[in-house]
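Chains as they are written, first to last, in our numbering: chain S, 141 to 412; chain X, 24 to 325.
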């Protein structure tokens with residue numbers, strides 16, 4: 141199929157169930173334009189990881205299933221693909237919690253990302269050198285066992301490993317979880333660089349709303365498996381509701397988006 | 024004095040070489056443990072199945088030695104293929120305990136199939152290598168060491184070197200180690216779990232065939248091979264479940280210790296302590312060094 145659309149990823153109204161019973165996503169639609177960074181924001185359990193796994197087809201390994209709606213990647217529908225086929229198509233997910241191969245060295249971890257590609261030893265070394273230009277820290281630690289590196293380094297290993305598969309699109313699941321602010325900035329700088337220099341489109345799930353929006357082009361906010369709000373990163377950063385709920389600039393102790401929207405409609409009715 | 028020392032040497036060397044036979048069996052366990060973190064209870068049945076099939080091809084169909092061996096190895100690849108398709112894939116997301124139980128079941132199926140296909144009587148397997156002392160060594164070094172033991176030692180050495188190179192320096196080896204560490208992460212970067220599993224089970228099947236040939240030549244090809252393979256358990260506890268060198272060293276230690284203890288301490292217990300002495304040793308390891316001598320340390324970041 142020929143892809144003429146400007147979106148590399150187009151999710152339309154998907155519903156996801158685990159074990160055929162538990163409804164994790166009610167209705168999520170989102171688009172990732174080619175070459176852009178899109179942030180998927182929300183609290184724990186909102187459905188961020190589930191959305192990413194639906195895209196990378198990793199849901200099946202957790203007994204999850206897309207029961208409604210459609211996902212289109214690079215012009216083709218995703219349904220029966222396996223995760224390794226998706227990697228072959230240029231879509232790689234960096235799982236939540238980094239998930240490095242602890243007993244392998246840093247360099248072996250990164251090289252393992254090229255498993256799906258047919259490369260000679262020389263090609264691999266060339267790619268490796270290119271990757272190290274983005275992750276300078278990792279080059280110094282290339283011979284260490286991955287389990288003994290710091291959390292920030294492990295996150296870099298996970299992203300570097302994914303980059304070795306030469307992705308057109310990266311799915312990053314909470315890349316800054318549990319990292320110090322300085323490292324968060326460092327990770328985002330690298331992500332931004334990969335986006336601009338390598339042209340990789342990025343869908344980013346984050347709880348760290350502020351930093352994520354500052355480094356994205358567009359944002360979606362999801363809550364209990366539904367998209368509540370979306371817009372350009374700038375507009376979301378300046379949105380009063382977002383400020384109040386996710387950026388901690390609050391006037392009253394509201395709980396979630398639904399409450400805010402309810403209240404809004406009430407005030408509208410009253411003013412009518 | 025010299026004679027006593029010579030006798031001790033003979034016991035020790037005999038034990039070490041016999042130990043390599045345990046190592047060969049343990050290797051099959053390590054392969055599967057490395058890739059799926061499961062103790063494969065059907066490994067003993069695979070040893071029995073493979074070598075019985077090998078004997079069957081030679082004795083019932085009059086196929087010469089080498090083609091029969093290749094056929095038996097191919098058969099083990101088919102067994103690996105079926106195991107992946109019929110047992111492992113449906114249990115892809117099941118817990119390790121479930122897979123462990125499944126391997127017990129698989130063991131019974133293989134035992135049954137082997138006996139249904141090739142009969143229940145004990146078969147003799149002649150590798151053309153005698154299980155008697157090599158005259159040259161007996162004359163020059165005054166040690167009585169079996170030719171079969173020496174062959175087993177050589178075969179084990181070759182297989183270990185081969186597997187070590189495979190794991191350390193090939194792409195498939197890297198994939199195997201990655202899957203062993205974190206199958207989920209491995210599949211997220213495009214390492215196809217199906218192929219890795221298929222490969223590991225086939226390799227374990229061929230290793231089982233080689234081990235089966237050695238044991239079959241010594242003790243006859245019979246059902247007892249299944250239980251004998253469980254001797255690999257203390258070997259693995261001592262050497263470490265995930266280490267190929269560990270399987271070898273563990274086998275050597277078990278072989279040497281059980282023979283030496285049998286000869287020097289056995290009489291105080293009325294003999295036949297080699298049946299249980301290895302397990303006592305294993306208990307000490309479990310208490311003081313649970314990952315074994317060479318097992319991968321359980322690394323946990325705090």
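Heads up, the beta-carbon is just placed ideally off N, CA and C, and yes, glycines get one too.
Run down chain X in chain order and give the residues with a C-beta less than 9 Å from the C-beta of residue i.
{"i": "residue 253 of chain S", "result": "212, 213"}
{"i": "residue 198 of chain S", "result": "207, 210, 211"}
{"i": "residue 248 of chain S", "result": "197, 200, 201"}
{"i": "residue 305 of chain S", "result": "212, 213"}
Given a threshold of 16 other Cβ atoms within 10 Å of its Cβ, counted over all protein chains shown, does residue i qualify as buried or as exposed?
{"i": "residue 307 of chain S", "result": "buried"}
{"i": "residue 219 of chain X", "result": "buried"}
{"i": "residue 154 of chain S", "result": "buried"}
{"i": "residue 185 of chain X", "result": "exposed"}
{"i": "residue 308 of chain X", "result": "buried"}
{"i": "residue 107 of chain X", "result": "buried"}
{"i": "residue 43 of chain X", "result": "buried"}
{"i": "residue 217 of chain S", "result": "exposed"}
{"i": "residue 255 of chain S", "result": "buried"}
{"i": "residue 88 of chain X", "result": "exposed"}
{"i": "residue 238 of chain X", "result": "buried"}
{"i": "residue 174 of chain X", "result": "buried"}
{"i": "residue 322 of chain S", "result": "exposed"}
{"i": "residue 291 of chain X", "result": "exposed"}
{"i": "residue 141 of chain S", "result": "Because the pLDDT of residue 141 of chain S is 46, which lies under 50, any placement of that residue in the model is unreliable, and the number read from its coordinates should be weighed accordingly. Exposed."}
{"i": "residue 361 of chain S", "result": "buried"}
{"i": "residue 162 of chain S", "result": "exposed"}
{"i": "residue 78 of chain X", "result": "buried"}
{"i": "residue 85 of chain X", "result": "exposed"}
Name, please, each residue of chain S whose Cβ falls closer than 8 Å to the Cβ of residue i.
{"i": "residue 194 of chain X", "result": "255"}
Just verifying my parser: in three-state terms, what is the DSSP assignment at residue i?
{"i": "residue 237 of chain X", "result": "helix"}
{"i": "residue 141 of chain S", "result": "Model confidence at residue 141 of chain S stands at a pLDDT of 46, short of 50, so the residue's coordinates are unreliable; what they give is reported in the following sentence. DSSP places residue 141 of chain S in coil when its eight states are reduced to three."}
{"i": "residue 162 of chain S", "result": "strand"}
{"i": "residue 347 of chain S", "result": "coil"}
{"i": "residue 174 of chain X", "result": "helix"}
{"i": "residue 370 of chain S", "result": "strand"}
{"i": "residue 112 of chain X", "result": "coil"}
{"i": "residue 320 of chain S", "result": "coil"}
{"i": "residue 214 of chain X", "result": "coil"}
{"i": "residue 167 of chain S", "result": "strand"}
{"i": "residue 121 of chain X", "result": "helix"}
{"i": "residue 314 of chain S", "result": "coil"}
{"i": "residue 147 of chain X", "result": "coil"}
{"i": "residue 287 of chain X", "result": "helix"}
{"i": "residue 200 of chain S", "result": "helix"}
{"i": "residue 163 of chain X", "result": "helix"}
{"i": "residue 216 of chain S", "result": "strand"}
{"i": "residue 386 of chain S", "result": "helix"}
{"i": "residue 403 of chain S", "result": "helix"}
{"i": "residue 150 of chain S", "result": "strand"}
{"i": "residue 312 of chain X", "result": "coil"}
{"i": "residue 342 of chain S", "result": "strand"}
{"i": "residue 335 of chain S", "result": "helix"}
{"i": "residue 168 of chain X", "result": "coil"}
For residue i and chain C, any beta-carbon pair shorter than 9 Å?
{"i": "residue 198 of chain X", "result": "Among the protein chains of the structure shown, namely S and X, there is no chain C."}
Note down, in chain order, every chain S residue with its Cβ under 7 Å from the Cβ of residue i.
{"i": "residue 201 of chain X", "result": "241, 244, 252"}
{"i": "residue 204 of chain X", "result": "241, 242, 243, 244"}
What in chain X is Cβ-close to residue i, meaning under 7 Å?
{"i": "residue 315 of chain S", "result": "Going along chain X, no residue has its Cβ under 7 Å from residue 315 of chain S, so there is no contact; the nearest lies around 14 Å."}
{"i": "residue 301 of chain S", "result": "212"}
Starting from residue i, follow the alpha helix (DSSP H) in both directions and report where the run begins and ends.
{"i": "residue 50 of chain X", "result": "25 to 59"}
{"i": "residue 249 of chain S", "result": "246 to 252"}
{"i": "residue 91 of chain X", "result": "88 to 105"}
{"i": "residue 255 of chain S", "result": "From DSSP, residue 255 of chain S is part of no alpha helix (DSSP H); its letter is neither H nor E."}
{"i": "residue 280 of chain S", "result": "276 to 280"}
Can you name the residues of chain X whose CB is closer than 8 Å to the CB of residue i?
{"i": "residue 202 of chain S", "result": "116"}
{"i": "residue 411 of chain S", "result": "Here the premise fails: no neighbours, minimum Cβ distance about 51 Å."}
{"i": "residue 223 of chain S", "result": "210, 211, 213"}
Provide the residue span of the beta strand (DSSP E) that contains residue i, from first to last.
{"i": "residue 179 of chain S", "result": "177 to 181"}
{"i": "residue 233 of chain S", "result": "231 to 234"}
{"i": "residue 359 of chain S", "result": "358 to 363"}
Chain X contacts from the segment 255 to 285 of chain S (Cβ-Cβ distance under 8 Å): 255, 256, 285
Interfacial residues, the segment 99 to 121 of chain X to chain S, with Cβ spacing under 8 Å: 115, 116
Where the segment 226 to 243 of chain S meets chain X: residues whose CB sits under 7 Å from a CB there: Hits within the stretch, in order: 227, 228, 232, 233, 235, 239, 241, 242, 243.
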